[in-house]
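*Asks:*
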Amino acid sequence: MRRVDLHTHSTASDGTDAPAALARLAKDAGLEAFALTDHDTLAGIPDARAAADALGIELVPGVELGARIPEGELHILGYFLEPGNATFDAFLEELRKGRRDRAARTVTRLNDLGVAIDLADVEAEVSGDRSESLGRPHIASALVKGGHVASIKEAFDRYLKDGGPANVPRPMPSPVDAVRAIVKAGGVAVVAHPWTVPRDVFQDLLVRLRRVGLAGVEVVHSDQDADVREHVARLAADMGLVQSGGSDYHGTRKPAIRLGTGRNGNVSVPYEVLEELRGLRKVPV
Ligand code: AMP
Ligand code: ZN
Ligand code: FE
Ligand code: FE
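Counting in our numbering, the sequence shown runs from 585 upward without gaps.
1. Among the residues of its own chain, which have a CB less than 7 Å from the CB of R684, if the five just before and after it don't count?
2. How far does the alpha helix (DSSP H) with R633 in it reach, from first residue to last?
3. In chain order, which alpha helix (DSSP H) runs of at least 4 residues are fully inside the region 656-717?
4. Rounding to the nearest angstrom, what Cα-Cα distance links L643 and V785 in this structure?
5. Quick one: what does DSSP say V869 is sitting in, helix, strand or coil?
6. For V869 and H659, what's the separation of their Cα atoms in angstroms?
7. Taking the alpha-carbon positions, what's the A700 to L620 distance?
8. Beta strand (DSSP E) containing H834: first to last residue?
9. Would you check if the distance between the CB atom of A610 and the CB atom of D589 is smaller than 8 Å?
10. With respect to 7 Å, is the separation between the Cβ of D822 and the closest non-hydrogen atom of ligand 3 below this value?
11. With a threshold of 6 Å on Cβ separation, who are the neighbours of M756 within its own chain once the five nearest residues in sequence on each side are excluded?
12. Do you know how far the Cα of A638 is from the Cα of A704?
13. Can you tell me which of Y855, K838, F672 puts its alpha carbon nearest to the alpha carbon of Q827?
14. Would you say the beta carbon of H722 comes nearer than 7 Å to a heavy atom of ligand 2?
15. Let me confirm a value: L819 is counted as buried when at least 16 other C-beta atoms fall within 10 Å, else exposed. Which label applies?
16. In chain order, which continuous runs of the alpha helix (DSSP H) of length 4 or greater are located wholly inside the region 783-842?
17. Taking the beta carbon of R720 as the centre, do at least 16 other beta carbons fall within 10 Å, making it buried, or is it exposed?
18. Would a C-beta distance cut-off of 8 Å place V767 and V801 closer than the cut-off?
19. Please determine whether the Cβ atom of H593 lies at a distance below 7 Å from any heavy atom of ligand 2.
20. For A687, which of L744, G829, E657 has the nearest alpha-carbon?
21. According to the neighbour-count rule (16 or more other Cβ atoms, all chains shown, within 10 Å of its Cβ), is S594 buried or exposed?
22. If we ignore side chains and look at the alpha-carbon of each, how far apart do V791 and D807 end up?
23. Using three-state DSSP, classify L649 as helix, strand or coil.
24. Quick one: grab the DSSP three-state call for D589.
25. Give every residue of the same chain whose Cβ lies closer than 6 Å to the Cβ of R633, excluding the five residues on either side of it in the sequence, and list them in chain order.
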């Protein structure tokens, strides 16, 4: 069976493999295609594209947006999005600016809590290019390197998790605005890992997002169990949404998740899913 992975992260956000290295890994994993879906940036796409072309594997250019909901956040994947669309690029840059501001405020909060860490330690975790996306996992890595915590998990548990003592919220679009931005840029929008959202609000969210052009939802995801998958698959079938999937590979920041196959082989996505999504592409206006 020809397989794809429609959810991966590179060093352009909080993954640990460079975009070109990711293409090599995807090829070695025997995938037919992979989507690069870094948080709030398309910066990795050109390098991933060049490597994918050279290796003979298909790259789906994409992004993952965080959106604000009362219960926390909802993540939305956008596919078939290239850098170079001025409106969409500016939309993403604004989100990344919010991320940089958030990192600075988080460092201040950590200092107030007695943790000796500099913003420079956090910024050293990315290239420093404004096109790259600075996230909480980078702060977590800096905390590990500084010897303040033993693991990324401990960094989140003790400081950075939602509601944690050093957690600083950042501005995020509403889910409706996130889907609209993707669709307006000529992309195809898919809700990511719905297991992170309470079940009772999820159906209502899907109904509202479908009205503004949502194409699909992740049924298969490394951290999504069989029970949730079954529930989401039924909703998707009822609503005529594409049943999508991907590993959410992050390299060594989430070492148990493998590209293409997820956690202990719990991810397998046929090529036909990509074809379905491609079929829902609209020409940008
Ligand atoms: P950000 O988008 O910068 O707020 O960072 C969110 C990312 O941090 C998510 O995509 C996860 O990869 C990671 N993350 C969130 N919560 C945790 C946690 N409790 N433990 C480890 N990683 C987490
Ligand atoms: Zn991530
Ligand atoms: Fe996500
Ligand atoms: Fe992700």
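For each residue, glycine too, the CB sits at the ideal point set by N, CA and C.
*Replies:* Walking through what the data contain:
1. L718
2. R633 -> alpha helix (DSSP H) spans 629-639.
3. Segments of the alpha helix (DSSP H) lying fully in the region 656-717: 670-696, 703-707.
4. 33 Å
5. For V869, the pLDDT reaches just 49, beneath the cut-off of 50, and the residue's location in the model is therefore unreliable, although a value from the coordinates is still provided. Looking at V869 - three-state DSSP - the assignment turns out to be coil, as it is neither helix nor strand.
6. Per-residue confidence for V869 stands at a pLDDT of 49, beneath the threshold of 50, marking its modelled position as unreliable; no derived number is given.
7. 34 Å
8. Careful: H834 lies outside any beta strand (DSSP E) and carries neither H nor E.
9. yes
10. no
11. G650, A651, R652
12. Distance from the CA atom of A704 to the CA atom of A638, rounded to whole angstroms, is 36 Å.
13. With distances taken between Cα atoms, Q827 lies closest to Y855.
14. no
15. Under this definition L819 is a buried residue.
16. 783-795, 810-823
17. buried
18. no
19. For H593, the distance from the CB to the nearest heavy atom of ligand 2 is below 7 Å.
20. L744
21. Burial state of S594 is buried, judged by a 10 Å Cβ sphere holding 16 or more other Cβ atoms.
22. So the alpha carbons of these two residues sit roughly 23 Å apart.
23. strand
24. DSSP, reduced to helix, strand and coil, places D589 within a strand of the structure shown.
25. L643.
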